[in-house]
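K.L.:
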Ligand SMILES: Cc1cc2nc3c(=O)[nH]c(=O)nc-3n(C[C@H](O)[C@H](O)[C@H](O)COP(=O)(O)O)c2cc1C
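In my numbering, the protein residues as written are 604 to 792.
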């Protein structure tokens, strides 16, 4: 079965980012694909230390749990990343994770190439577009395919659950999920 891996970069269990990804996952599952959402709750993802060993190891030299996530992404067809906005940019952990995932891919078998997905930003009030752009840099440099939606992938909410009231934001995410699933079905054999 085709599979999409999602990273939820929020430290809050059942926070807004997780709820938005769940909404996205429902649509993708309705299209017949499997989805796994991996939350960053309780994780402590370190930054790349530029050791240059990922080529020889085909994984990261650091043992903080990211290699398990890398194995799951390697086996997947789609990859979606959701982050809360922190001071106008993505949460630090997720950029650390993306930089290490990207280095392992590029130094080994380019497993990210042609994976379909993209970024989603969640915030109370502002910084969504800069956060989406920041995360897009990872997708585009790694030969990945990012479909659009009917708006940018941004949802408004502060206290956990408030994103459920942003109907336009949630509709944008549902459409994005549908587009990711449809593309996977069309171009992956
Ligand atoms: C350290 C920190 C910085 C934040 N910076 C912003 C910000 O720049 N813009 C904004 O609109 N919301 C900001 N927020 C609010 C969160 O983005 C918002 O509460 C979001 O819904 C959290 O998602 P989560 O429930 O998935 O953790 C910030 C929150 C924290 C903890």
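Glycine included, each C-beta is placed from N, C-alpha and C at the ideal position.
Considering only C-alpha positions, which residue in the set 647, 655, 686, 683 is nearest to residue 669?
P.N.:
Taking the chain shown and counting its residues from 1, the one referred to as residue 669 is at position 66. Cα-wise, what sits closest to residue 669 is 647.
K.L.:
How would you call residue 680, buried or exposed, if buried means at least 16 neighbouring beta carbons within 10 angstroms?
P.N.:
The residue given as residue 680 occupies position 77 in the chain shown. Burial call: buried.
K.L.:
Return the bridge partner residues of residue 739 from the DSSP annotation.
P.N.:
Start at 1 with the first residue of the chain shown, and residue 739 comes out as number 136. Bridge partners of residue 739: none, in fact.
K.L.:
Any idea which residues DSSP pairs residue 637 with across the strands?
P.N.:
Position 34 of the chain shown, counted from the first residue, corresponds to residue 637. 606.
K.L.:
How many whole angstroms separate the CB atoms of residue 684 and residue 612, which I take to be in contact at a CB cut-off of 8 Å?
P.N.:
Within the chain shown, numbered from 1, the residue matching residue 684 stands at position 81. Within the chain shown, numbered from 1, the residue matching residue 612 stands at position 9. About 7 Å; that satisfies the 8 Å criterion.
K.L.:
DSSP three-state label for residue 652, please.
P.N.:
Here the question's residue 652 lines up with position 49 in the chain shown. Reduced to three states, the DSSP call for residue 652 is coil.
K.L.:
Hey, is residue 695 close to ligand 1, as in C-beta under 7 Å from one of its heavy atoms?
P.N.:
Here the question's residue 695 lines up with position 92 in the chain shown. Incorrect: residue 695 has no Cβ contact closer than 7 Å to ligand 1.
K.L.:
Comparing C-alpha positions only, which one of 715, 701, 633, 750 sits nearest to residue 721?
P.N.:
Translated into positions along the chain shown, residue 721 becomes position 118. The candidate whose alpha carbon is nearest that of residue 721 is 750.
K.L.:
Residue 565 and residue 745: beta carbons closer than 8 Å?
P.N.:
This structure does not reach residue 565, given that the chain is present from 604 up to 792, and the question cannot be answered.
K.L.:
Please state if the CB of residue 756 and the CB of residue 726 are separated by a distance shorter than 8 Å.
P.N.:
Reading the chain shown from its first residue, position 123 is the one you call residue 726. Reading the chain shown from its first residue, position 153 is the one you call residue 756. In this structure, residue 756 does not lie closer than 8 Å to residue 726 by Cβ.
K.L.:
How would you write the range of the alpha helix (DSSP H) that residue 706 sits in, first residue to last?
P.N.:
Locating residue 706 in the chain shown gives position 103, counting from the first residue. Residues 695-710.
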